[in-house]
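Those protein sequence lines, which keep their order, are chains B and L. The first sequence stops at residue 191 when you use full-length UniProt numbering, and every number in between is there. The second sequence stops at residue 191 when you use full-length UniProt numbering, and every number in between is there. Glycine included, every Cβ here is placed at the ideal spot set by N, Cα and C. Just so we're clear, the structure is a prediction, and the values are computed from it rather than from any experiment. Worksheet for the structure shown next.
2 protein chains.
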Amino acid sequence: MAGRRSDTRERIQQIALDLFVEQGYEKTSLREIAERLEVTKAALYYHFRTKEDIVRSLFEDIAEAVDEVLDWAREQGEGLSRTELVNRLAQLVRGRFVPIWRFVQENQTALKELHVSNPLMSRMQAIFQLLCPKGADPETQLRSRLALVALVMGNNPEVLADTPEEDRPEVALRVALQLVSPRGREVETAT
Amino acid sequence: MAGRRSDTRERIQQIALDLFVEQGYEKTSLREIAERLEVTKAALYYHFRTKEDIVRSLFEDIAEAVDEVLDWAREQGEGLSRTELVNRLAQLVRGRFVPIWRFVQENQTALKELHVSNPLMSRMQAIFQLLCPKGADPETQLRSRLALVALVMGNNPEVLADTPEEDRPEVALRVALQLVSPRGREVETAT
DNA sequence: GTCTATATAATGATAGAC
DNA sequence: GTCTATCATTATATAGAC
Numbered sequence: 001m002a003g004r005r006s007d008t009r010e011r012i013q014q015i016a017l018d019l020f021v022e023q024g025y026e027k028t029s030l031r032e033i034a035e036r037l038e039v040t041k042a043a044l045y046y047h048f049r050t051k052e053d054i055v056r057s058l059f060e061d062i063a064e065a066v067d068e069v070l071d072w073a074r075e076q077g078e079g080l081s082r083t084e085l086v087n088r089l090a091q092l093v094r095g096r097f098v099p100i101w102r103f104v105q106e107n108q109t110a111l112k113e114l115h116v117s118n119p120l121m122s123r124m125q126a127i128f129q130l131l132c133p134k135g136a137d138p139e140t141q142l143r144s145r146l147a148l149v150a151l152v153m154g155n156n157p158e159v160l161a162d163t164p165e166e167d168r169p170e171v172a173l174r175v176a177l178q179l180v181s182p183r184g185r186e187v188e189t190a191t
Numbered sequence: 001m002a003g004r005r006s007d008t009r010e011r012i013q014q015i016a017l018d019l020f021v022e023q024g025y026e027k028t029s030l031r032e033i034a035e036r037l038e039v040t041k042a043a044l045y046y047h048f049r050t051k052e053d054i055v056r057s058l059f060e061d062i063a064e065a066v067d068e069v070l071d072w073a074r075e076q077g078e079g080l081s082r083t084e085l086v087n088r089l090a091q092l093v094r095g096r097f098v099p100i101w102r103f104v105q106e107n108q109t110a111l112k113e114l115h116v117s118n119p120l121m122s123r124m125q126a127i128f129q130l131l132c133p134k135g136a137d138p139e140t141q142l143r144s145r146l147a148l149v150a151l152v153m154g155n156n157p158e159v160l161a162d163t164p165e166e167d168r169p170e171v172a173l174r175v176a177l178q179l180v181s182p183r184g185r186e187v188e189t190a191t
């Protein structure tokens with residue numbers, strides 16, 4: 001550990017998230033997390049005050065990344081390109097954040113009961129506001145929500161089973177772009 | 001209550017489902033269900049051997065309805081109209097089955113851990129097979145999944161907040177039909 | 001069909017030693 | 001920063017009376 005600070009905290013986050021995605025938030029006990037980490041429960045409590053706190057820390061991490069997109073989008077003002085916004089969201093959904101989004105999408109009821117005033121969800125609300133033209137018709141509203149779902153679902157191996165993993169993000173992106181674009185108009189995928 | 005035969009079993013199903021949707025499957029205890037029913041836990045165990053059994057019974061109920069659609073679709077053979085299939089699915093998603101679909105969609109990880117060899121999910125797999133032309137490209141596959149999501153999400157009051165409840169199903173149906181139809185072609189909504 | 005009472009196990013969380 | 005030991009609470013589930 002020369003110069004290296006303890007990385008236990010990050011390891012807890014990572015393993016907890018893995019288990020949450022695998023078997024759900026409620027079903028995953030601190031004992032399980034501790035076992036897989038090969039420490040005791042008490043050690044967890046040194047790093048996180050409660051189980052909810054682990055989730056909160058996970059959200060803070062990603063909320064920061066969402067903020068960057070939000071800041072960019074607000075700078076654009078009225079000239080905001082929704083296509084470009086979706087492109088940026090697609091990048092947000094890829095990479096190291098993949099499991100968090102699956103966690104959110106597949107544990108909705110469990111999460112809604114967390115006492116946390118969820119810092120991620122309020123930001124996603126803001127994203128939807130930007131994605132939907134003001135006073136958009138309900139169809140457009142629904143399509144915007146689905147665009148986000150498409151991005152996340154595209155990373156789920158069970159959904160695009162016979163598509164090589166490296167191709168999935170682009171498939172998801174194309175479908176998402178179709179959903180936010182007026183029908184009939186073609187869209188371009190920027191990479 | 002006068003002259004009424006015991007409908008306790010159905011009341012358990014209904015209340016359990018309400019709670020599952022409200023706060024998630026794992027978080028909902030038999031004690032809570034019993035309390036809201038104003039009976040004791042032991043009474044529940046007379047009707048259902050385990051907590052999982054309640055879920056199983058919920059699924060059997062709806063699986064029957066899915067089977068009717070599957071039977072119809074298979075009768076159509078190669079001439080199956082995917083538009084009409086979506087129309088029938090839309091009706092399946094409406095009415096008394098609304099909460100079950102929300103339950104499934106918002107408790108995915110919790111459900112996947114149930115020891116039940118889920119009779120609903122295998123049927124939904126079959127639906128997807130019918131919805132997707134054989135060997136469909138991944139985009140089409142994803143869009144088919146999203147069509148189902150659209151139907152369910154349309155019933156979620158939080159998604160289409162400012163749309164009157166009676167209009168939501170039709171909005172969802174239109175979006176779902178767009179998703180299964182080749183781009184650019186207009187679709188008709190049969191009611 | 002519903003009750004009281006209880007068995008048994010697991011959970012989130014804490015105290016305090018090292 | 002991690003440990004042992006323990007607490008209070010809750011959970012699913014059962015036995016047996018009425």
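Point to revise | L:Gln13 at chain B interface by Cβ criterion, 8 angstroms | key: No, because no Cβ of chain B sits closer than 8 angstroms to the Cβ of L:Gln13.
Review point. If you scan the UniProt domain "HTH tetR-type" (6-66) of chain L from start to end, which runs of the alpha helix (DSSP H) of 4 or more residues do you find wholly inside it?
Key: Correct list: 8-23, 30-37 and 41-47.
Review point. Is the Cβ-Cβ distance between B:Leu151 and B:Ala176 less than 8 angstroms?
Key: With contacts defined by Cβ atoms closer than 8 angstroms, B:Leu151 and B:Ala176 form a contacting pair.
Practice item. Could you tell me the distance, in whole angstroms, from the CA atom of B:Phe97 to the CA atom of B:Leu146? Key: Between B:Phe97 and B:Leu146, the C-alpha separation is close to 19 angstroms.
Practice item. Using three-state DSSP, classify B:Arg102 as helix, strand or coil. Key: B:Arg102 falls in the helix class under three-state DSSP.
Check your understanding: What three-state label does DSSP hand L:Glu84 in the structure shown?
Key -> Three-state DSSP puts L:Glu84 in a helix.
Point to revise | Cβ separation of B:Leu179 and B:Ala126, assumed to be a contact under 8 angstroms, to the nearest whole Å | key: Actually they do not touch by this definition, with Cβ atoms about 19 angstroms apart.
Review point. Thinking just about the alpha-carbon of each residue, which of B:Arg94, B:Asn87 and B:Gln14 is nearest to the one in B:Asn156?
Key: B:Asn156 has its Cα closest to that of B:Arg94, out of B:Arg94, B:Asn87 and B:Gln14.
Point to revise | L:Leu17 to L:Pro99 span [Cα, whole Å] | key: Cα atoms of L:Leu17 and L:Pro99: separation of roughly 7 angstroms, rounded to the nearest angstrom.
Exercise for review: List the residues of chain L that B:Lys134 touches, going by C-beta distances under 8 angstroms, in chain order.
Suggested key: Those within 8 angstroms of B:Lys134 in chain L number zero; the least Cβ separation is about 12 angstroms.
Practice item. Within its chain, find whatever has a CB closer than 7 angstroms to the CB of L:Lys41; leave out the 5 residues flanking it on each side and keep chain order. Key: If we look at L:Lys41 and ignore the five residues flanking it on each side, its Cβ neighbours are Leu30, Arg31 and Ala34.
Review point. Any idea what DSSP makes of L:Pro182, helix, strand or coil?
Key: L:Pro182: coil per DSSP, three-state reduction.
Exercise for review: Would you mind sorting L:Ile101 into buried or exposed? The rule is 16 or more other CB atoms within 10 Å of its CB.
Suggested key: The sequence as given places Trp at residue 101 of chain L; Ile does not occur at that position. Of the other Cβ atoms in all chains shown, 16 or more fall within 10 Å of the Cβ of L:Trp101; this residue is therefore buried.
Review point. For chain B, is any of its Cβ atoms less than 8 angstroms away from the one on L:Leu17?
Key: Output row for L:Leu17: interface = no.
Exercise for review: May I ask you to report which of helix, strand or coil DSSP gives L:Leu70?
Suggested key: Residue state, collapsed to three classes: helix.
Check your understanding: Since L:Leu160 is in the alpha helix (DSSP H), which residue starts that stretch and which ends it?
Key -> If you look at L:Leu160, you'll find it isn't in any alpha helix (DSSP H); DSSP assigns it neither H nor E.
Review point. Taking the alpha-carbon positions, what's the L:Phe128 to B:Leu160 distance?
Key: C-alpha separation (whole angstroms): 12 angstroms.
Practice item. Return yes when the Cβ of B:Thr83 is within less than 8 angstroms of the Cβ of residue 209 of chain B, no when it is not. Key: For residue 209 of chain B there is no data in the structure shown, the boundaries of chain B being 1 and 191.
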